[in-house]
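Take a look at the structure set out below.
In UniProt numbering, the protein residues as written are 1 to 222.
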C-alpha cells in the first residue's frame with residue numbers, strides 16, 4: 001500500500017551554506033544545533049557531488065512526472081533497494097533544462113539544485129519517493145522564480161523572505177506534500193501577499209481617521 005508523499009525538510013541556503021529560509025517537518029533534528037549541523041553537512045556533501053568528486057546524477061523533471069507510475073509498479077512488484085531503483089531511473093531519463101540532482105546522505109535522500117547564489121534542497125527518508133521529492137524541489141524553485149520575477153538571488157530572496165516562507169507553507173504541511181506546480185504555488189502566495197497589503201492599507205486608513213477624529217474632538221474643546 002502506497003503511503004502519502006512525505007518530506008522531512010526544505011532548505012534554501014546561500015552559496016556559503018548559510019540559512020536563507022528553512023522548514024523542518026519531522027523530529028529527526030530536535031534542536032537548532034542539530035539542524036544547523038545537518039545543513040552544513042549536506043551543503044558540503046552536495047558541493048563535492050556537484051564538482052564530480054562523488055557519484056551523482058541528474059533527475060529529469062519532465063521525465064519524472066511520467067515515470068512516477070513506473071516506479072510505483074516496480075516497488076509494488078519487486079524487492080528493489082533505493083540504490084538500485086535510483087540507478088534504474090538514471091538510465092530511463094533524458095536530459096532537459098529542468099533538472100535536479102540527488103545524493104544519499106546519512107540515511108536520507110536529498111534532491112537539490114543551485115540557482116545563482118541560492119541552493120535549494122528537499123530531504124526525504126530512504127524509503128520515500130525520489131521523484132516526488134524532485135517534483136517538490138522543482139515546484140519550489142519555479143515558484144520562487146515567478147515570485148522574484150526571474151531575479152533568483154540571495155539579495156532579492158531576503159527582500160521577499162515573507163513570500164518565500166508562505167511558499168513553503170503552500171508546498172508542504174506537516175511533511176505532507178500539498179502542491180508541486182510552481183505557478184499554482186506562486187499564485188496562492190501572491191494572493192495572500194495582496195490580501196496582507198490590503199489589510200495593512202485598511203489599517204492605515206482606519207488609524208488616520210481615528211487620529212483625525214481625535215484632533216477634531218480636541219479642537220472643539222479648546
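Built from N, CA and C at the ideal position, the CB exists for glycine as well. Just so it is clear, the structure is predicted and the values come from calculations on it, not from any experiment.
C-beta atoms of residue i and residue j nearer than 8 Å
i	j	result
residue 109	residue 136	no
residue 182	residue 26	no
residue 113	residue 120	yes
residue 143	residue 118	no
residue 8	residue 123	yes
residue 103	residue 35	no
residue 189	residue 163	yes
Exposure label - residue i; buried when at least 16 CB within 10 Å
i	result
residue 150	exposed
residue 33	exposed
residue 42	buried
residue 10	buried
residue 21	buried
residue 37	exposed
CA-to-CA distance, residue j to residue i, given in whole angstroms
i	j	result
residue 127	residue 134	14 Å
residue 23	residue 12	9 Å
residue 168	residue 191	15 Å
residue 165	residue 40	21 Å
residue 6	residue 28	14 Å
residue 47	residue 18	14 Å
residue 159	residue 178	26 Å
residue 148	residue 31	31 Å
residue 173	residue 130	18 Å
residue 141	residue 16	19 Å
residue 154	residue 14	7 Å
residue 186	residue 146	7 Å
Residues near residue i by beta carbon distance below 7 Å, same chain, minus five either side
i	result
residue 107	126
residue 184	none
Nonlocal neighbours in the same chain, by C-beta distance under 6 Å from residue i, ignoring five residues either side
i	result
residue 111	100, 102, 122, 133, 134, 137
residue 246	For the chain, the structure presents residues 1 to 222; residue 246 sits outside this window and is missing.
residue 197	Note on residue 197: pLDDT 49, under 50, position unreliable in the model; the coordinate value appears next. Excluding residues within five positions, none has a Cβ falling inside 6 Å.
Neighbourhood of residue i by C-beta, 8 Å cutoff - its chain only, sequence neighbours within 5 removed
i	result
residue 139	171, 179, 180, 181, 182, 185
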